[in-house]
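Take a look at the structure set out below.
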Amino acid sequence: MTLANCLTFLRFVATGPAVYFTVRGALPFGFGFFLLGFTTDLLDGYLARTRREVTPMGKVLDPVADKLLFLGVFASFAVLGRISWEALAGYLVPQLGLGIGAAYLYLKRREIRSAEIPGKAAAGATALAAIALYWSPWGESFFWAAVGANFLSGVYYLLKLLRANDGAREGETR
203 MTLANCLTFL
213 RFVATGPAVY
223 FTVRGALPFG
233 FGFFLLGFTT
243 DLLDGYLART
253 RREVTPMGKV
263 LDPVADKLLF
273 LGVFASFAVL
283 GRISWEALAG
293 YLVPQLGLGI
303 GAAYLYLKRR
313 EIRSAEIPGK
323 AAAGATALAA
333 IALYWSPWGE
343 SFFWAAVGAN
353 FLSGVYYLLK
363 LLRANDGARE
373 GETR
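Last residue of the sequence shown: 376 (our numbering), numbering continuous.
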């Protein structure tokens with residue numbers, strides 16, 4: 203197993219304590235585990251690329267670990283009343299859409315795509331929102347901005363998927 207994949211697994215492990223401590227209101231501890239998980243996200247992709255250790259398993263598990271970490275932390279803040287359940291649903295919808303789209307690409311074409319600029323921008327907004335929820339009284343405002351960024355990113359990827367399908371269909375009919 204590569205070092206990058208080990209870091210991805212560490213992110214899965216850090217998610218549990220991040221959620222546990224956050225829900226219990228022990229925000230410094232919750233933040234510490236969130237920060238551990240988030241740091242592994244920053245490092246694993248870099249290490250995989252620079253060490254030429256990008257693996258299909260890593261391409262699949264990395265975004266799953268990211269989504270689990272953020273969804274767990276955001277659900278914790280919904281439990282605490284720091285964000286509304288509607289806001290959490292607003293975050294969840296584009297994530298589900300992206301997950302379904304990625305699964306479709308993999309099952310139909312055995313294709314695993316890397317994140318592009320809109321996805322990376324949405325990920326940055328999401329990370330900023332999580333940090334703000336731990337430390338800022340305006341955390342929910344940051345969260346809504348992240349929801350908007352994720353929605354726009356989801357629209358971008360949906361349009362890209364639809365265009366790719368149209369191109370594939372045109373090639374089949376020729």
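All residues carry an ideal CB built from backbone N, CA and C; glycine is no exception.
Note that this is a predicted model, so its numbers are computed, not measured.
Rounded separation between residue i and residue j - CA only
i	j	result
residue 278	residue 256	32 angstroms
residue 288	residue 345	12 angstroms
residue 328	residue 352	8 angstroms
residue 263	residue 338	30 angstroms
residue 244	residue 203	18 angstroms
residue 283	residue 210	29 angstroms
residue 270	residue 367	29 angstroms
residue 309	residue 266	16 angstroms
Contact check, residue i vs residue j, beta carbons under 8 angstroms
i	j	result
residue 298	residue 276	no
residue 246	residue 206	yes
residue 355	residue 320	yes
residue 363	residue 303	yes
residue 293	residue 225	no
For residue i, the first and last residue of its enclosing alpha helix (DSSP H)
i	result
residue 227	Element bounds for residue 227: n/a, residue is neither H nor E.
residue 339	Careful: residue 339 lies outside any alpha helix (DSSP H) and carries neither H nor E.
residue 286	Premise fails: residue 286 is in no alpha helix (DSSP H) and is neither H nor E.
Three-state secondary structure (DSSP) of residue i
i	result
residue 203	coil
residue 253	coil
Residue-level contact to chain C via CB, residue i, 8 angstroms cutoff
i	result
residue 274	Absent from the structure: chain C. Only one protein chain is present.
Q | Three or more C-beta pairs below 8 angstroms linking the stretch 228 to 239 and the stretch 213 to 220 | A | yes
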